[in-house]
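Top to bottom, those sequences are chains A and B. Under the working numbering, the residue at position 313 of the first sequence is numbered 371, and the numbers go up by one with no gaps. Under the working numbering, the residue at position 317 of the second sequence is numbered 451, and the numbers go up by one with no gaps. C-beta atoms are modelled at their ideal positions from N, C-alpha and C, and glycine is treated no differently.
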Amino acid sequence: MEVELIRIRNLKTWFFQGKGLLSKWFGQGLKIVHAVDGVSLTIRKGHTFGLVGESGCGKSTLGNTIFRLVEPLEGEILFQGRDVVKMNQKELRRFRQQAQIIFQDQFGCMNPRMTVGQIIAEPLMMRQREPESQKSIEQEVAELLNSVNLDPDAAIKFPNEFSGGQARRIGVARAIALNPMFIMADEPTSGLDISTAATILNLMQDLQDKLDITYLWVSHNLNQVKYMSDDMGVMYLGKMVEMGRTSEVFNHKAHPYTQALISAVPRVSSEQQEQTIFLEGEIPSPINPPSGCYFRTRCPQVFKRCEEEEPPLLDLGGEHFCACHLHDA
Amino acid sequence: MISEPLLEVSNLTLDYNLGNRKMRALDRISFSLDKGQVLGVAGESGCGKSTLGLAILRLLPRVAEIRRGAVFFNGTDLLKLSEKQMEQEIRGQKITMIFQVPQNALNPVFKIETQMTDILRVQDKYQNPGTRKPRGDFRQQAIERLESTGIADPEARISNYPFEFSGGMKQRVMIGMALSSGTSLLLADEATTALDVTIEAQINRLITKLAAEYGTSILYVTHNLGVLAEMADRIMIMYAGRIFEMGQTRFVLGDPRHPYSAALLESLPSRQTRGKRLLAIPGFVPPLDRLPSGCSFHPRCAFAEDICRQEVPPLTEVASGHWSACLLDQKRGRQKWKWS
Ligand SMILES: Nc1ncnc2c1ncn2[C@@H]1O[C@H](COP(=O)(O)OP(=O)(O)OP(=O)(O)O)[C@@H](O)[C@H]1O
Ligand SMILES: Nc1ncnc2c1ncn2[C@@H]1O[C@H](COP(=O)(O)OP(=O)(O)O)[C@@H](O)[C@H]1O
Ligand code: SF4
Ligand code: SF4
Ligand SMILES: [Mg+2]
Ligand SMILES: [Mg+2]
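This is the structure we're talking about:
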């Protein structure tokens, strides 16, 4: 039987923006950014859930909310059945050892004055229970460096001595230090060249095979999500518009937004080239989303009902979900 | 009839001098680019792609030294022009470069309108010396250019500051500015790397439209071979300062004659199914002051033989218009470079 590791129900994370007392007291001029707006999803244990969507659609906010780096307005985040939203500080600390993040900007979140050894050892020192084995921290660091194919000498160097790809691997080493069950990887290969990206993808795949880690894989590279994920979700303006098995979503893309995204992926071989669906304009502001279907201002297939009614996320069968009136027969 | 190429780079060789280390970042680079054509450039980080663009525009840091070669642009060797001529006639006028991070190229304290009309004004001054029209005369023209880049509501948007635009919009303004400068050569260095697929597709469509409508030639640097498959007429693969392969897009991507090009293609996740490993070329691009002997790729090449450690492969025309720098390919004819 397949076990789910994470189940999210109706998660909302809004940001409130406004200056001055008027907006604080009376809500006057208060702007609400609907960054994540009622998202539900399930991540299967030992599998990878790919999350795609254009910049600003709420992917990182969703991930950050799972870790309670930002607080949700409402909703549930069940991690092995326990609600992260309701966890107290102590439970949260335990959760944050079982769940780790690999951030997009590796250099940005490494202290330049700490050696790589210290950076990787940091989570090891915060461990609550002592490990059974009597390994020294240095030994553990060396093993971690080895498992991400870095030379043990790396431990005594500083972050600025490494290339982008190596820094990314240091981030992976740090993330797996405490044997986590779950890792969120936010754009793990952005800015890397083709062969370095391939190295990181192989490494993450090997770690999953070996340690049965569950990934939430955030990327706007659809080829990568297709290659790396078992299930995927497509977000638009804070909402999930399509979700299902990755193969199913790619083969039977149901939402016009998914169709446009996939058609826009540049392909190397000419025979599988599809006609690109060009979306006009950009994603609207999440402060004033359009009425009805959020996608209607750019949708090539928009019709009257789209302006009036918000399409619900419907099950098309086979755990394939889509929020579009075209499928609401 | 022989068409004169717009850009002809010949034997360009450049070193970065760092103390007593001499890094050869460009080594005998020769290629040409015709009017209205798109030449794609790919290769791992540190192979010299950005250096090439900077050398053409002579925007090099002080430690860089051009050792030999020429950059003919419309028949004139840019390396022989004075700095003043480069600044007044070439940069931002006839040759424009757009970078990965558009934020830096737009001045944050001026409105989009000011920045666009500035360029139009300077251009007008060169075309009609002696006249000096006020900025307002160029507003309408700037709006039209902005509109042609697909920005909705250009009349209102032109009064915005750069921070009010998203990354994709800024990049389109950059291209709009390139347009408004009457550029005949656009150097795009990973110009869409940071953008979303849909915005990237918009920008690339705009660039292709530019090339077709205005006859602008484009040197397009990217890691994304898929993008090049769609928009480049020809592709150049660089490695450690050298050209390893060059030819028409469908031949370089469909029938690569160099093991390095074949490896880049096999590293793409789009070519592989879930669960199968991607090809990761072993090792790294070598430091440019300590290049391996013979073929500089030999320590990483799965097909290397003794000869590869001894002879430097020349860039040779292996089929009509298709150039490759692999000894085995040259000595034995076409090989199938299957890495995995
Ligand atoms: N702290 C904050 N305060 C106000 N608005 C915020 C904050 N953090 C994010 N937002 C807004 O929430 C929306 C979602 O942002 P988020 O960073 O989750 O997008 P994303 O999908 O990860 O985008 P990208 O692909 O660019 O990383 C955006 O409109 C963003 O501007
Ligand atoms: N200002 C500089 N000083 C010294 N070396 C440099 C400088 N800029 C680039 N290099 C070196 O030149 C080589 C080519 O760099 P670059 O042209 O930026 O490559 P690419 O754009 O292909 O990634 C690299 O080894 C890089 O480290
Ligand atoms: S509901 Fe209407 S506007 Fe929204 S995606 Fe479907 S067809 Fe397009
Ligand atoms: S010359 Fe030898 S080492 Fe170089 S690419 Fe060809 S086979 Fe490989
Ligand atoms: Mg993000
Ligand atoms: Mg570069």
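Contact check for H385 (chain A) and L372 (chain A): beta-carbon distance about 6 Å, within the 8 Å limit, so the pair qualifies.
Under DSSP, the beta-bridge partners assigned to E142 (chain B) are B:S166, B:F206.
Judged by DSSP secondary structure, D264 (chain A) falls within the alpha helix (DSSP H) whose first and last residues are 252 to 269. For E112 (chain A), at least one C-beta of chain B is nearer than 8 Å to its own C-beta. Residue pairing by DSSP places F107 (chain A) opposite A:L274, A:D289 in a beta bridge. For P347 (chain A), there are no C-beta contacts with chain B under 9 Å, since the nearest C-beta of that chain is about 16 Å from it. In chain order, G104, I234, P238, M239, F240, I241, L265 place their CB closer than 8 Å to the CB of I271 (chain A), counting only its own chain and leaving out the 5 sequence neighbours on each side.
With respect to the 8 Å criterion, V386 (chain B) and L319 (chain A) are not classified as neighbours on the basis of their beta carbons. Under a 10 Å Cβ-count criterion, F207 (chain B) is classified as buried, with 16 or more other Cβ atoms of the shown protein chains found around its own Cβ. Contact between the region 302 to 321 of chain B and the region 346 to 359 of chain B is present: three or more C-beta pairs spanning the two stretches fall below 8 Å.
Counting along the chain, the unbroken alpha helix (DSSP H) around T304 (chain A) starts and ends at 304 to 309. The beta carbons of D244 (chain A) and F308 (chain A) sit no closer together than 8 Å. Within chain B, the residues placing a beta-carbon under 9 Å from that of R325 (chain A) are G360, A363, E364, S404, ordered along the chain. Per DSSP, the beta bridge partners of L69 (chain A) are A:V97. A Cβ-Cβ distance of about 5 Å is found for the pair T147 (chain B) and R202 (chain B), placing them in contact under the 8 Å criterion. When Cβ pairs closer than 8 Å are counted between the two stretches, the region 245 to 253 of chain A is seen to touch the region 273 to 287 of chain A, the count reaching three or more. Counting C-beta pairs closer than 8 Å gives fewer than three between the region 396 to 415 of chain B and the region 214 to 230 of chain B, which falls short of the contact rule. The way I'd put it, the region 359 to 366 of chain B doesn't touch the region 148 to 165 of chain B; fewer than three beta-carbon pairs between them come closer than 8 Å. Sequence-distant partners of A459 (chain B) (beyond 5 residues in either direction) whose C-beta falls short of 6 Å from its own C-beta, in its chain, are F378, P447, L449.
Annotated as proximal: A256 (chain A) and L412 (chain B), with beta-carbon spacing under 8 Å. Its Cα nearest to that of I341 (chain A), the residue A:C357 stands out among A:C357, A:T334, A:S194.
Runs of the alpha helix (DSSP H) spanning 4 or more residues and lying entirely within the region 373 to 419 of chain B occur at 383 to 388, 393 to 400, in chain order.
Judged by DSSP secondary structure, G116 (chain A) falls outside any beta strand (DSSP E); it is assigned neither H nor E. Counting of Cβ neighbours within 10 angstroms places S454 (chain B) among the exposed residues, the total staying below 16. For L69 (chain A), the closest Cβ of chain B is not nearer than 8 Å. In terms of CA proximity to L63 (chain A), A:V142 leads the group A:L202, A:Y294, A:V142. Secondary structure of I253 (chain B) (DSSP, three-state): helix.
The beta carbon of F73 (chain A) sits closer than 7 Å to those of V91, A93, all from its chain and outside the five residues before and after it, given in chain order. Among the CB atoms of chain A, none fall inside 8 Å of the CB of Q219 (chain B).
At a cut-off of 8 Å between beta-carbon atoms, S253 (chain A) makes contact with chain B. With a minimum length of 4 residues, the unbroken runs of alpha helix (DSSP H) contained wholly in the region 309 to 379 of chain A fall at 314 to 321, 362 to 366. Annotation for A157 (chain A): the continuous beta strand (DSSP E) segment containing it runs 157 to 160. Residue-level contact by beta carbon holds for S179 (chain B) and chain A, with a gap shorter than 8 Å. Relative to N122 (chain A), the option among A:R102, A:R154, A:E112, A:N146 whose CA is nearest is A:R154. Between ligand 4 and P393 (chain B), a heavy atom-to-CB distance of less than 7 Å is present.
Collapsing the DSSP output to three states places L422 (chain B) in coil.
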